[in-house]
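**Q** Following this message is one structure expressed as structure tokens.
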Amino acid sequence: MTGIVFQVDTSRVLAILANEIYDSPLAMLRENLQNAYDAVRQRFAADGSLIEGGRILVTIEDRIISITDNGIGMNEETLRENFWKAGSSGKRSDNARKAGVVGTFGIGAMANFGVCSALQVVTRAIGQNEVLRSAAELASLQIGEECISFETIESDHDFGTTITAALDDQNAISEKQAIDYLRPYVRMLPVPVSVNGTLISGEKIGSFVDSRNFSSLATKAWTDKVVTATFATSVDPNAQALVHVTEIKIGGQHVDGSMVLLQGSGQLMGLRSYFGLAPVPAAGHYRFGGFANLSFLHPTAGREALSRDSIEQVNRLITLAEYAASDAIGRSPLADRSNALLSWIIPNNRYDLAENVTIGAHPGSQIVTLGELKEKMEEHNYLYYAGTVSSVINTFANESCTVLQVSQNNPRRRVQTHYVSEVLKIKPVPASAQIVKTFEAKELSLAEMAFLLKVGSTIRDDYLMPAVEVHFADISHNVTVLVEKIGEIPRISISRTSAVIVPLLGVYRTAYELFDQFIKDYVRVNIYPSIQSYVPSSTKGGVEALHRLLLKNRELYRYEQSDQGEVEGILGEALVDEKSLARVMREVRFKRKPQSQRVSAEQVGRIETELPGIDETPVELFQMVADMDNGEYDAAPPIIRDTVKSEMKILTTSEHYPLLNNFTMFLGLSDKLMNSEAEFFRRPHTTRIIWGGQRVVYIFTEETETLSLYYDIELKGQIQKSKTGGSMFPTTTIVTDGRVFIPIPDVLTENFQVGNTPKEFFVRFDILSGGI
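Each residue of the sequence shown is one higher than the last, beginning at 490 in the numbering used here.
Here's what the structure looks like:
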């Protein structure tokens, strides 16, 4: 019987081995640096706790790479049996594991020859005087033959090891390539690592968290009966979660290490003893990124990924981290800002954590939490509405019944709908409301007849609706105002028992001088939302008529051409969305030369004095007026006080009146604007305010979004940088006889305060066609 000689093509085997382990000379550099770090830990962390003193130096020059460490070093046995012998490792001992070594595969030096033409190692083991040098060249390697040199040399080499590799012609790397590649793996190492003198390690594991201000919410242990850990949850002002995971146990066994998880921060990097291994494919609603520095993490043989078991265990911890974050955020006021929480609640059926989630409530476009609704269910009537038709909301929302408007965006919509329908058992709005009874004139009191007449005249005069019917009725479903179109005439039915009516009738009897302005406020707040579609200014024809009127006024009060200037940037993309700013700049063909406005202390008045009765408005009327937090507001009519004439240029108050949307300061517009553009402000419009630097820009847009008016104020002083901002605001324009006042946000009131010295600033304004 004859046999076949077992033969191996040494160079081919080494190339295959190297390709499986190192996909580039950079990977070879990483693996040798990892071995150097393991050697340092075995010397400086022998008892499990790393002490100072270790270092790793990498030098790159042409095709020569050198890696020097001051670690444990190698004696002759280790050099022969572990370094040069593939498949053998000295890192599987209890002492090595206690020291926290990273590598355990034992591939050895041979895989370097996939990218190297020659390799040399000089080493001195701890406690020994001998310095050993050993080297090999790829061209002379043969399996089973003595082709690796070994000798003892005279040298002052410190304890530790220096490996020098000569790259082959196809595998040159630069210093920059090496630094960029190695930094993600070694950035968190507590041992100095430098490449040609550049330090690339030493970061703290939590340093990747940016400068946002995180507030601690809760620290609590969570378990799934296999994995247990302590989770410390913090959030930034936008409810982005930061979770520190410590005291980890798996199956009751302690795990060395910790995790730092930051919501939406990119990949989650797996580390062991702070050395980067590979990203962890992390799933979840919070999209946690950060670092998982855990002793149980093991890479695959090719180092391109973590083992399946490692990934499963990390994702168990992430699942618990999401429980911890959701529990902490859900119980905090920031719950409403966290889409991740809302997304998590649904599959986990934890609607108890939705009590701090808000929902829109009408009338008044209020924002209330679901938990607040739960407390008020027995004392108030509620319906919910999943649509967006304003007429439906205006029909059923009143002081006797609150309509909850479900969001149109998931996951908020799903959470709100489940909570109001399943938890609170609130019913949806009915298909329609019906008139149960219409009251004849003979059934009404004198005050009630006066009320109907004044409502009708206000609608005709202020909202330009010449044909309208107004009467009292009993209406189903607690509806207080119902608008129906009978032929071509809108018919307005008002509930005679509405809680808003009673105090207004009382004003008629006891303070008739205030009756007119209170009826105007009542129509603005309670009737206008239901008749909005019938108001001429909300139609194309009405807007065209307004535009013609404004152009006519402009012809009468034309500025000289010399008053016109070049367009200046208003604020910039940081203060207003790019699309809106671009449209402003496209529409503005020129800006007028600024007009100087001067306000002295004598021209600052109290709102209560200049607008008599504002502090006596019946509280029931406020049911329709409330602040919003979602930053979106519909066009609304101004507050009309035609009978009031004020010489003041700034109005202030120390009170927060709901009818004034809680603004405490109002600025009178310039006289020139009043001459040419005042008619614009009598029509329903939205209000956007943007501020920064020395500029405050108001952009008013009528309800069809066809026309806008901008009012640009240039202050003498700077607005604090920290206060720079902008937003939509509820329209709170006050129209008096000869003056229009616009609201000043609270954050800006100090910039308009007038002391002993008059306040002076410049203004520009213009009408823009096409809206913003």
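C-beta atoms are modelled at their ideal positions from N, C-alpha and C, and glycine is treated no differently.
1. Are the CB atoms of Val957 and Ile978 nearer to each other than 8 angstroms?
2. On the CB-based measure, 16 or more other CB atoms within 10 Å of its CB, does Tyr873 come out buried or exposed?
3. Which value, in whole angstroms, describes the spacing of the CA atoms of Gly691 and Tyr1122?
4. State the start and end residues of the unbroken alpha helix (DSSP H) segment that holds Lys1009.
5. Grab the span of the alpha helix (DSSP H) containing Ser1017 for me, first residue to last.
6. Pop quiz: Thr1175 and Phe1155 are said to be a contact at Cβ under 8 angstroms. What is the actual Cβ separation, rounded to whole angstroms?
7. Among all the DSSP beta bridges, which residues are the ones paired with His733?
8. Just how far apart, CA to CA, sit Ala843 and Tyr812?
9. Can you check DSSP and say which residues form a bridge with Glu958?
10. Gly1206 to Asn1240, Cα distance in whole Å?
11. What separation, rounded to the nearest whole angstrom, lies between the Cα atoms of Ile835 and Pro726?
12. What is the DSSP secondary structure of Met433, reduced to helix, strand or coil?
13. With DSSP run on the structure shown, which of helix, strand or coil describes His907?
14. At a cut of 8 angstroms, does the stretch 1159-1168 reach the stretch 1177-1189 through at least three beta carbon pairs?
15. Please return the same chain residues whose Cβ sits closer than 6 angstroms to the Cβ of Leu941, not counting the five positions on each side in sequence.
16. Based on DSSP bridge pairs, tell me the residues matched to His851.
17. Note the first and the last residue of the continuous alpha helix (DSSP H) segment covering Pro836.
18. Can you have a look at Cys636 and say buried or exposed, based on whether 16 or more other CB atoms are within 10 angstroms of its CB?
19. Grouping DSSP H, G and I as helix and E and B as strand, with all else coil, what is Phe885?
20. Go through the stretch 508-581 residue by residue and report every complete run of the alpha helix (DSSP H) that reaches 4 residues or more, in order.
21. With distances taken between CB atoms, is the gap from Gly755 to Leu795 smaller than 8 angstroms?
22. For the beta strand (DSSP E) that contains Glu626, what are its first and last residues?
23. Taking 8 angstroms as the cut-off, decide whether the C-beta atoms of Gly765 and Pro679 are in contact.
24. Taking 8 angstroms as the threshold, find out whether the stretch 995-1013 comes into contact with the stretch 1126-1144 through three or more Cβ pairs.
25. If you measure between the beta carbons of Gly560 and Ala588, is that distance less than 8 angstroms?
26. Can you grab the Cα-Cα spacing for the pair Ser513 / Ala598, in whole Å?
27. Quick one: what does DSSP say Lys916 is sitting in, helix, strand or coil?
28. If you compare alpha carbons, which of Ala1124, Pro1234, Arg1087 and Phe1152 is closest to Ile1096?
29. Quick check: Thr1270 and Ala922, are their CB atoms within less than 8 angstroms of each other?
30. What are the boundary residues of the beta strand (DSSP E) that includes Asp1226?
31. Just confirm the distance between the C-beta atoms of Ser762 and Arg519, as a whole number of angstroms; I'd bet it's less than 8 angstroms.
32. Can you find the residues in the same chain that come closer than 6 angstroms, C-beta to C-beta, to Met1137, ignoring five residues on each side of it along the sequence?
33. Have a look at Pro1247 and Pro1101 and give me their C-alpha separation to the nearest angstrom.
34. Residues bridged to Gly1102 by DSSP?
35. Determine the DSSP secondary structure at Ala794, reduced to helix, strand or coil.
**A** To lay it out plainly:
1. For the purposes of this step, residue 957 is taken as residue 468 along the sequence shown, with counting starting at 1. For the purposes of this step, residue 978 is taken as residue 489 along the sequence shown, with counting starting at 1. Taking 8 angstroms as the Cβ cut-off, Val957 and Ile978 qualify as a contacting pair.
2. In the sequence shown, residue 873 corresponds to position 384, counting from 1. So Tyr873 counts as buried.
3. Locating residue 691 in the sequence shown gives position 202, where the first residue counts as 1. Locating residue 1122 in the sequence shown gives position 633, where the first residue counts as 1. The C-alpha of Tyr1122 is placed about 50 angstroms away from the C-alpha of Gly691.
4. Position 520 of the sequence shown holds residue 1009. Start and end: Tyr1001 to Tyr1011.
5. For the purposes of this step, residue 1017 is taken as the residue at position 528 of the sequence shown. The sequence given here places Tyr at residue 1017; Ser does not occur at that position. Residues Tyr1017 to Ile1020.
6. Within the sequence shown, the letter at position 686 stands for residue 1175. Within the sequence shown, the letter at position 666 stands for residue 1155. No, Thr1175 and Phe1155 are not in contact; Cβ-Cβ is about 17 angstroms, not under 8 angstroms.
7. By one-based count along the sequence shown, residue 733 stands at place 244. According to DSSP, which records beta bridges pairwise, His733 is partnered with Ala721 and Val749.
8. Counting from 1 along the sequence shown, the entry for residue 843 is found at position 354. Counting from 1 along the sequence shown, the entry for residue 812 is found at position 323. Taken atom to atom, the span from the alpha-carbon of Ala843 to that of Tyr812 is near 14 angstroms.
9. Taking the first residue of the sequence shown as position 1, residue 958 is located at position 469. The partner list for Glu958 (beta bridge, DSSP) reads Arg980.
10. The count along the sequence shown starts at 1 and reaches residue 1206 at position 717. The count along the sequence shown starts at 1 and reaches residue 1240 at position 751. The alpha-carbon atoms of Gly1206 and Asn1240 are separated by roughly 8 angstroms.
11. Indexing the sequence shown from 1 puts residue 835 at position 346. Indexing the sequence shown from 1 puts residue 726 at position 237. Approximately 23 angstroms between the Cα atoms of the pair.
12. The structure shown does not extend to residue 433, since the chain is modelled only from 490 to 1261, so the question has no answer here.
13. Taking the first residue of the sequence shown as 1, we reach residue 907 at position 418. Helix, per DSSP.
14. Not touching, per the Cβ criterion.
15. To locate residue 941, count along the sequence shown from 1; it is residue 452. Result list for Leu941: Val959, in chain order.
16. Here the question's residue 851 lines up with position 362 in the sequence shown. As computed with DSSP, His851 is found in a beta bridge with Val892.
17. Within the sequence shown, numbered from 1, the residue matching residue 836 stands at position 347. Looking at the DSSP string, the run of the alpha helix (DSSP H) that includes Pro836 is Asn828 to Asn837.
18. Translated into positions along the sequence shown, residue 636 becomes position 147. With fewer than 16 other Cβ atoms within 10 Å, it is exposed.
19. Here residue 885 is taken as the residue at index 396 of the sequence shown, counted from 1. Helix.
20. The qualifying runs are 514-533.
21. Start at 1 with the first residue of the sequence shown, and residue 755 comes out as number 266. Start at 1 with the first residue of the sequence shown, and residue 795 comes out as number 306. Against a cut-off of 8 angstroms, the Cβ pair of Leu795 and Gly755 comes out as no contact.
22. As a first step, residue 626 is located in the sequence shown; it is residue number 137 there, counting from the start. Annotation for Glu626: the continuous beta strand (DSSP E) segment containing it runs Val620 to Glu626.
23. Here residue 765 is taken as the residue at index 276 of the sequence shown, counted from 1. Here residue 679 is taken as the residue at index 190 of the sequence shown, counted from 1. In this structure, Pro679 does not lie closer than 8 angstroms to Gly765 by Cβ.
24. The stretch 995-1013 is in contact with the stretch 1126-1144.
25. The residue labelled residue 560 in the question sits at position 71 within the sequence shown. The residue labelled residue 588 in the question sits at position 99 within the sequence shown. No, the pair does not count as a contact, with Cβ atoms beyond the cut-off.
26. Start at 1 with the first residue of the sequence shown, and residue 513 comes out as number 24. Start at 1 with the first residue of the sequence shown, and residue 598 comes out as number 109. Between Ser513 and Ala598, the C-alpha separation is close to 15 angstroms.
27. Taking the sequence shown and counting its residues from 1, the one referred to as residue 916 is at position 427. Strand.
28. What you label residue 1096 is simply residue 607 of the sequence shown in a count that begins at 1. When only C-alpha atoms are compared, the closest one is Phe1152.
29. Residue 1270 falls outside the range modelled here, since the chain spans only 490 to 1261, and no answer is possible.
30. Counting from one through the sequence shown, the residue named residue 1226 turns up at place 737. Looking at the DSSP string, Asp1226 is not in any beta strand (DSSP E), and its letter there is neither H nor E.
31. Taking the sequence shown and counting its residues from 1, the one referred to as residue 762 is at position 273. Taking the sequence shown and counting its residues from 1, the one referred to as residue 519 is at position 30. Actually they do not touch by this definition, with Cβ atoms about 15 angstroms apart.
32. Numbered from 1 along the sequence shown, position 648 holds the residue referred to as residue 1137. Cβ neighbours of Met1137 beyond the five flanking positions: Gln1092, Gly1094 and Glu1099.
33. If you number the sequence shown from 1, residue 1247 lands on position 758. If you number the sequence shown from 1, residue 1101 lands on position 612. Roughly 26 angstroms between the two C-alpha positions.
34. For the purposes of this step, residue 1102 is identified with residue 613 of the sequence shown, where counting begins at 1. Note: Gly1102 sits in no beta bridge, so no partner.
35. Indexing the sequence shown from 1 puts residue 794 at position 305. The answer is coil: DSSP assigns Ala794 none of H, G, I, E or B.
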